[in-house]
Amino acid sequence: MAETIQADTNPFVRKIESVALFDLSKSERAALVGLPLHVAEYETGQDIVVEHDRPNRCFAVLSGIAATYKTTEDGRRQVTAYHVPGDVPDFQSLHLEVLDFSICAVAPLRIGFVQHEALRALFAAEPRLGDAFWRTTLIEGSLAREWMLNNGRRESYPRMAHLFCELMIRLEMVGLAADNSCGLPLTQYELGDALGITSVHVNRILKELRESGLITLGGGRLTIHDWDALAKAGEFDPTYLHLRHMDG
21 MAETIQADTN
31 PFVRKIESVA
41 LFDLSKSERA
51 ALVGLPLHVA
61 EYETGQDIVV
71 EHDRPNRCFA
81 VLSGIAATYK
91 TTEDGRRQVT
101 AYHVPGDVPD
111 FQSLHLEVLD
121 FSICAVAPLR
131 IGFVQHEALR
141 ALFAAEPRLG
151 DAFWRTTLIE
161 GSLAREWMLN
171 NGRRESYPRM
181 AHLFCELMIR
191 LEMVGLAADN
201 SCGLPLTQYE
211 LGDALGITSV
221 HVNRILKELR
231 ESGLITLGGG
241 RLTIHDWDAL
251 AKAGEFDPTY
261 LHLRHMDG
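Just so we're aligned, residue 21 is where the sequence shown starts under this note's numbering, counting upward by one.
Written out as structure tokens, the structure reads:
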């Protein structure tokens, strides 16, 4: 059964508002809120979609964290993106028939599925929302480029610092971070899969970040104690996130 989520608590609506180059009209907000979402819950480690699927629906993350990943033939996993509430990780499936990636829950996850036909009807009725969704896809491409640079050219310490800065801002965009603190229930293994390093190496870098007084990570929560120092350590420039107030 489809479920309606109020606009002021709907991270999906808040995400579109944070990236659209216009203020949503009443009808546009109502159309987003009125999308028929079929809500489902997934446990940590469960796949939502897998490579070679041919889905007829997309999903929005409502709570928790998901990860897009690919694996080698011998089973080694590389996380290529984390998805926070408000993200639509598989929006590409609206135009690409076959998925070339998998998406799983890396924390208890609540998502809302929406049929492709409903999205096409939404864009026909509210064309500007089609522009906003297209912009989110372009921003995802920007994130992919930054992750490639981060994992390919930065050392492990700045690599992790950069990831923490990114996730803090993305969660803040949808109202899920405040005072440089946010929920971040990622294990050291999951961080290793995202950063391309072993869990032992993750543990060592986390220890260095804590001992430098930059962060605290424990109990599923990340707190950044010195934002400027962490951003400097990670060479973090938020331009690639294309936040409205930064694009000016």
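Heads up, the beta-carbon is just placed ideally off N, CA and C, and yes, glycines get one too.
All of these numbers come straight from a predicted model, not from anything done at the bench.
query	result
Determine the direct distance from the alpha carbon of P105 to that of L191, and round the result to whole angstroms.	8 Å
Please give the ranges of any alpha helix (DSSP H) in the segment 101–161, keeping only runs that are unbroken, at least 4 residues long and fully inside the region.	136–145
Starting from D67, trace the beta strand (DSSP E) both ways and give me its first and last residue.	67–69
Using a 10 Å radius around the Cβ and a threshold of 16 neighbouring Cβ atoms, would you call H115 buried or exposed?	exposed
Can you tell me the Cα-Cα spacing of V222 and L206, whole angstroms?	12 Å
Given this structure, state the Cα-to-Cα distance separating Q66 from A60, to the nearest angstrom.	12 Å
A141 to R173, Cα distance in whole Å?	43 Å
State the start and end residues of the unbroken alpha helix (DSSP H) segment that holds L242.	No alpha helix (DSSP H) contains L242, which is instead part of the beta strand (DSSP E) from 241–244.
Which whole-angstrom value describes the C-beta separation of H103 and A87, a residue pair presumed to lie in contact below a C-beta threshold of 8 Å?	7 Å
Report back the beta-carbon spacing between I68 and I159 to the nearest angstrom; my notes put them in contact at under 8 Å.	With a Cβ gap of about 21 Å, I68 and I159 do not count as contacting.
From E63 to V99, what distance separates their C-alpha atoms?	18 Å
Would DSSP call R34 helix, strand or coil?	helix
For E186 versus L169, is the C-beta distance shorter than 9 Å?	no
Got a sec, what are the start and stop residues for the alpha helix (DSSP H) G212 sits in?	208–215
Below 9 Å between beta carbons: does that hold for L196 and G203?	yes
Could you give the C-beta distance for V39 and T156, rounded to a whole number, given that I count them as a contact under 8 Å?	5 Å
Who does S201 pair with in a DSSP beta bridge?	A198, T243
If you follow the beta strand (DSSP E) that Y260 is part of, which residue opens it and which one closes it?	Neither: Y260 is in no beta strand (DSSP E) and is coded neither H nor E.
Out of R97, R224, I225, P75, point me to the one whose CA is closest to S113's CA.	P75
Per DSSP, what are the beta-bridge partners of V59 in this structure?	G132
Which value, in whole angstroms, describes the spacing of the CA atoms of R49 and I189?	23 Å
Taking the beta strand (DSSP E) that L235 falls in, what are its first and last residues?	Note on residue identity: the sequence assigns Ile, not Leu, to residue 235. Its beta strand (DSSP E) spans residues 235–238.
Tell me whether the beta-carbon of D293 lies closer than 9 Å to the beta-carbon of K35.	Residue 293 lies beyond the residue range present for the chain, which begins at 21 and ends at 268; the question has no answer from this structure.
Pull up the CB-CB distance for D246 and L234, whole angstroms please, since I reckon it's below 8 Å.	5 Å
Can you tell me which of A152, L229, L215 puts its alpha carbon nearest to the alpha carbon of D43?	A152
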